[in-house]
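Enquirer:
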């Protein structure tokens, strides 16, 4: 039955992602790469907390599967790092694309580390 | 939104099954399954974006199918948070090379597979604009 819960959590995560991007679009007044930063950093922080709890506090594997793999896994997206960078690069600036991608990855790793640190897993 | 949720649950389930059969040990091994899952997702993102972008193609008016496949299935299949949590754990355990290699491979591999996907889907680099990324894939 765990797969059904994972599927449901995945649906919820995708919907949350859509909503977050929509809210970001309203606030920024259009498509902004920063929305994906906020989205991914919040997701990476949350997964850091969940996996930190799993390592340090013995959070059950089922909970990790539903919240981690299902909800958060489907909430975060990789395409800002690949497709957005491609769009920025083709529009004219490959150095800007590079900075955008590397910056996004570093921000995500930092958010994940903070999540892990809070739980004492680092 | 409903089609994205349904597609998202399918993509998530697919990723969950892949990682169930080919598990990842966080902080101890290079998470090859996560990398490969993401590269497959990038490839299909490129294919679908290009297919639905063809102005007179049979797919161009199918916005629900587009959202289902891109923001839904591909968005659920790909995941960024897992490799990003893995990096600090790899560093902690002393696997510095893997910790650097993982995001690098994700970035370079993901961009290349997206381009390959776009080309498979019929995108012509010097003629067509890049398909717009709209509904959060």
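Protein chains in written order, with my numbering: chain A, 75 to 196; chain B, 1078 to 1214.
Idealized CB from N, CA, C, for every residue including glycine.
Of the residues 111/A, 140/A, 99/A, 196/A, which one's Cα is nearest the Cα of residue 1168/B?
Expert: Taking the first residue of the second chain as position 1, residue 1168/B is located at position 91. Selected option, being the one with the closest Cα: 196/A.
Enquirer: Which residues in the same chain as residue 1178/B place their Cβ atom closer than 8 Å to its Cβ, once the five residues preceding and following it in sequence are excluded?
Expert: Counting from one through the second chain, the residue named residue 1178/B turns up at place 101. So the qualifying residues of the chain are 1107.
Enquirer: Using the Cα positions of residue 98/A and residue 194/A, report the straight-line distance between them to the nearest angstrom.
Expert: What you label residue 98/A is simply residue 24 of the first chain in a count that begins at 1. What you label residue 194/A is simply residue 120 of the first chain in a count that begins at 1. For the pair residue 98/A and residue 194/A, the Cα-to-Cα distance works out to about 32 Å.
Enquirer: When you compare only the Cα positions, how much space is there between residue 190/A and residue 123/A?
Expert: For the purposes of this step, residue 190/A is taken as residue 116 along the first chain, with counting starting at 1. For the purposes of this step, residue 123/A is taken as residue 49 along the first chain, with counting starting at 1. C-alpha separation (whole angstroms): 5 Å.
Enquirer: Please determine if the stretch 1116-1128 of chain B and the stretch 77-86 of chain A are in contact, where contact requires at least 3 C-beta pairs separated by less than 8 Å.
Expert: The stretch 1116-1128 of chain B and the stretch 77-86 of chain A do not touch, with fewer than 3 CB-CB distances between them shorter than 8 Å.
Enquirer: According to DSSP, is residue 1199/B part of a helix, a strand, or is it coil?
Expert: Here residue 1199/B refers to the residue found at position 122 when the second chain is read from its first residue. Of the three classes helix, strand and coil, the one that applies to residue 1199/B here is coil, per DSSP.
Enquirer: Distance, Cα to Cα, residue 169/A vs residue 109/A?
Expert: Against the first chain, residue 169/A aligns to sequence position 95. Against the first chain, residue 109/A aligns to sequence position 35. Cα to Cα, residue 169/A sits roughly 20 Å from residue 109/A.
Enquirer: Are any of the Cβ atoms in chain A nearer than 8 Å to that of residue 1207/B?
Expert: As a first step, residue 1207/B must be located in the second chain, where it is residue number 130. By this cut-off, residue 1207/B is an interface position.
Enquirer: Mind checking whether residue 1082/B and residue 88/A have CB atoms under 8 Å apart?
Expert: Within the second chain, numbered from 1, the residue matching residue 1082/B stands at position 5. Within the first chain, numbered from 1, the residue matching residue 88/A stands at position 14. Yes, they are a contact pair.
Enquirer: Where residue 1080/B and residue 1087/B are concerned, what is the direct C-alpha to C-alpha distance, given to the nearest angstrom?
Expert: Here residue 1080/B refers to the residue found at position 3 when the second chain is read from its first residue. Here residue 1087/B refers to the residue found at position 10 when the second chain is read from its first residue. Roughly 11 Å separates the two Cα atoms.
Enquirer: Buried or exposed, going by whether 16 or more other CB atoms sit within 10 Å of the CB of residue 114/A?
Expert: Counting from 1 along the first chain, the entry for residue 114/A is found at position 40. Buried, by the Cβ-count rule.
Enquirer: Taking contact to mean at least 3 C-beta pairs separated by less than 8 Å, is the stretch 89-96 of chain A in contact with the stretch 144-162 of chain A?
Expert: yes
Enquirer: Specify the secondary structure class of residue 1094/B as computed by DSSP and reduced to three states.
Expert: As a working note, residue 1094/B is residue 17 in the second chain. When secondary structure is reduced to three states using DSSP, residue 1094/B falls in the helix class.
Enquirer: Just the Cα atoms here: how many angstroms apart are residue 104/A and residue 1157/B?
Expert: By 1-based counting over the first chain, the position of residue 104/A is 30. By 1-based counting over the second chain, the position of residue 1157/B is 80. Residue 104/A and residue 1157/B have their alpha carbons spaced roughly 23 Å apart.
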